[in-house]
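> Below is a structure I'd like to ask you about.
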Amino acid sequence: YSNLGELHDLLLRACPPDRKGKRSIMILAAKLDVSYQNVYKWIEAGRIPPKRAKDIVKVSKGAVDLDEVLKFIL
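Just so we're aligned: the sequence shown equals residues 1465 to 1538 in the working numbering.
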């Protein structure tokens, strides 16, 4: 996938890198225990389900904060 916008960028930053330093929506989805298809649906809609906001921040280990995520909920 090419760059799909601001939410895509945010989610890639939130994704912890794998052993090779790669970040991807598939890796993030696995960390969040959701399908990568669901994450791409969020990106297409430009919105994150409210119940996922804290999970994304937690998985990011400080790479993104709650304020950054909240703008895609409200």
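The beta carbon of each residue, even a glycine, is placed where N, CA and C say it ideally should be. Since this is a predicted model, take the numbers as computed values, not measurements.
Going by the CB atoms, is the gap between Ile1491 and Asp1497 shorter than 7 Å?
Result no, Cβ atoms of Asp1497 and Ile1491 do not sit closer than 7 Å.
> Our contact map puts Leu1471 next to Gly1510 with C-beta atoms below 8 Å; I'd like the distance itself, whole angstroms only.
At roughly 6 Å, the Cβ-Cβ gap stays under 8 Å, so Leu1471 and Gly1510 are in contact.
> Can you list, in chain order, the residues of its chain whose CB lies under 6 Å from that of Arg1516, leaving out five sequence neighbours each side?
Counting only Cβ-Cβ distances below 6 Å, and skipping sequence neighbours, we find nothing.
> What is the DSSP secondary structure of Ile1537, counted as helix, strand or coil?
In this structure, Ile1537 counts as coil in the three-state DSSP scheme.
> If you check the beta carbons only, do Lys1495 and Val1523 fall under 7 Å apart?
Contact flag set, yes.
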